[in-house]
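Order-wise, the sequence lines are chains A and B.
Using the numbering used here, count along the first sequence one by one with no gaps and you end on 266.
Using the numbering used here, count along the second sequence one by one with no gaps and you end on 266.
Reading through the structure tokens given below for one structure.
There are 2 protein chains.
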Amino acid sequence: MALTKRGAAATDQILEALDEQGFRSTAPRRALAGAIGEQERHFTAEGLRKQLPPNIGRATVYRTLKILVDAGVLCRVLLEDGDLHYQMSHHGHHHHLLCVHCGSSQDLAGCDIEDVLESTTSRHGFELSGHWLEVYGRCRNCIDSEQVAD
Amino acid sequence: MALTKRGAAATDQILEALDEQGFRSTAPRRALAGAIGEQERHFTAEGLRKQLPPNIGRATVYRTLKILVDAGVLCRVLLEDGDLHYQMSHHGHHHHLLCVHCGSSQDLAGCDIEDVLESTTSRHGFELSGHWLEVYGRCRNCIDSEQVAD
DNA sequence: CTACCAATAGATACATTGTCTCAATTAAAA
DNA sequence: TTTTAATTGAGACAATGTATCTATTGGTAG
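Okay, here's the thing in structure tokens:
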């Protein structure tokens with residue numbers, strides 16, 4: 117139930133974003149939005165596609181994902197093995213803590229990376245315009261359950 | 117001349133690394149090492165391949181690049197547009213300052229990102245094991261020449 | 001110097017992830 | 001209801017990489 121509610125909220129958020137950007141509300145896009153709402157964690161474009169009716173074309177999936185990333189509702193997540201995933205984006209600019217054990221991700225908020233980067237790069241005479249950061253490790257849950265398991 | 121020397125040094129470094137890891141010295145690998153030595157900046161697998169005699173197969177290029185990355189002589193560079201490039205790796209773990217204007221890259225050394233990450237992630241109960249960071253902006257040269265141009 | 005054999009090579013098929021084009025369909029404004 | 005621009009799905013194409021297979025070859029044991 118909690119999941120359903122969360123999913124519905126995410127779905128609505130996606131549909132609203134599409135509307136705000138002036139995109140039409142179409143059946144494939146509603147299906148996509150619903151499917152994304154059901155994801156419990158980051159997902160791939162192909163993974164998502166497999167959960168959709170087969171009459172929804174590959175191009176539609178990729179086109180819509182791109183729109184959603186550009187609109188800021190979705191963000192890309194780069195896994196340690198190089199795979200590119202997507203997930204709902206809750207904050208504007210943020211980073212991810214990716215658990216290499218269970219695959220979950222948390223947002224890294226309230227992080228002062230920007231300041232450190234700014235001062236470090238300016239020492240190189242470099243004018244910062246953007247950055248990409250992914251952090252890998254083990255989440256609290258996995259650390260706790262390993263204590264028991266080992 | 118300076119370039120040739122630097123290239124030769126890089127080439128030697130690659131050949132040594134292969135030898136150290138117990139790989140054979142073969143003609144294709146020597147050609148690859150030579151070509152990498154000639155690169156003035158980060159390059160793609162396919163770009164490299166185009167600079168090699170056509171009798172050197174695609175698989176060989178990719179196989180060798182993978183070996184070199186694993187050996188630590190090469191590192192991967194993720195460009196802002198998502199393209200994956202390679203370049204010589206001079207330090208163990210480091211990051212890149214990528215100029216979005218001229219495409220050059222400098223290594224970001226003496227950076228205290230690790231410390232900041234460590235303290236930030238531990239607040240999330242997260243046990244850090246690795247991270248990936250790319251920094252985008254404008255290098256000093258490009259800033260200077262823009263002053264003149266504009 | 002030669003014979004041997006595991007490592008390596010190139011060719012090629014395949015896989016993944018995505019983009020492009022185009023005719024057919026459809027949302028939504030008039 | 002009509003209109004029409006946005007959108008769709010199909011499928012070709014592209015970029016990047018991996019897997020498999022047979023032929024070749026580097027380096028070593030004689």
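Beta carbons are placed, not taken as given, at the ideal position from N, Cα and C, and that holds for glycine.
Query raised in the report: With a CB to CB cut of under 7 Å and the five nearest residues on each side skipped, what residues in its chain are close to S220(A)?
Result: R157 and C255
Query raised in the report: Are H247(A) and E250(B) touching if we call contact CB-CB under 8 Å?
Result: yes
**Report entry** CB contact flag (H210(A), A225(A), <8 Å)
**Finding:** yes
Query raised in the report: Can you tell which of E196(A), R165(A) and P170(A) has the C-alpha that lies nearest to the C-alpha of L181(A)?
Result: R165(A)
Query raised in the report: Cβ atoms of L148(B) and V189(B): under 8 Å apart, would you say?
Result: no
**Report entry** Integer-rounded CB distance, given that G153(A) should sit under 8 Å from A133(A)
**Finding:** With a Cβ gap of about 13 Å, A133(A) and G153(A) do not count as contacting.
Requested in this report: Output, in chain order, the set of chain B residues within a Cβ distance shorter than 9 Å of V216(A).
Outcome: S245 and G246
Requested in this report: Taking E250(B) as part of the beta strand (DSSP E), name the residues at either end of that continuous run.
Outcome: E243 to R254
Report task. Give the interface partners of I172(A) over in chain B, defined as CB-CB distance under 9 Å, in chain order. Result -> What I172(A) touches in chain B: nothing, since even the nearest Cβ is about 24 Å away.
Requested in this report: Going by DSSP, name the residue or residues bridged to S221(A).
Outcome: L214(A)
Report task. State buried or exposed for R201(A), treating a residue as buried only when at least 16 other CB atoms are found within 10 Å of its CB. Result -> Just to set this straight, residue 201(A) is His in the shown sequence, not Arg. H201(A) comes out buried.
Query - Backbone CA spacing between T160(A) and V185(A) [nearest angstrom] - result: 13 Å
Query raised in the report: Between the Cα of G241(B) and the Cα atoms of S245(A), N257(A), H240(A) and D228(A), which residue gives the shortest distance?
Result: N257(A)
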